[in-house]
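Taking it in order: structure first as structure tokens, then the write-up.
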């Protein structure tokens, strides 16, 4: 076994450069988003819309502070990023790990699969819910943006 999938008749295997187009595009889009947020400060009012949940209820959602977190990371301030939204920083880190995994799998001509099943989605939802509840309690005020 060579570990390579057979190619259909009449098709040549894709070159490594062409296989890197998708992960490269994902990195380019994420980089452009971070560059924009890094250059347009979300700490100044009027640049971005206000969170509807926060505006209507005064409750921080799991995404509140995510732009400020991305802005801080774009400027290399990890402590401020964690203070703005620790869940977003975790999400950014998981995305970076996934992109490395994706590139390695593509370069080795392996399929890229992330088998998230129903329990995984429930666990992610529960983690976001717990984060939201805790950051809105007085004891969890350090998690509030």
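Numbering (our numbering), first residue to last: 52 to 196. Backbone N, C-alpha and C fix where the C-beta goes; we use that ideal spot for every residue, glycine too.
Task: Among 75, 119, 70, 171, the one whose alpha carbon lies nearest that of residue 96 - done: 119
Task: Helix, strand or coil at residue 107 according to DSSP, with G and I counted as helix - done: helix
- [ ] Kindly indicate the opening and closing residues of the alpha helix (DSSP H) around residue 171.
- [x] 169 to 186
- [ ] Give me the Cα-Cα distance between residue 82 and residue 94, rounded to the nearest whole angstrom.
- [x] 20 Å
- [ ] Note down the Cα distance separating residue 100 from residue 108, rounded to an integer number of angstroms.
- [x] 16 Å
Open item on the list: Tell me which residues share the same chain as residue 175 and place their Cβ nearer than 7 Å to its Cβ, disregarding the 5 neighbours each side in the sequence.
Closed with: none
Open item on the list: Please state the DSSP three-state secondary structure of residue 156.
Closed with: helix
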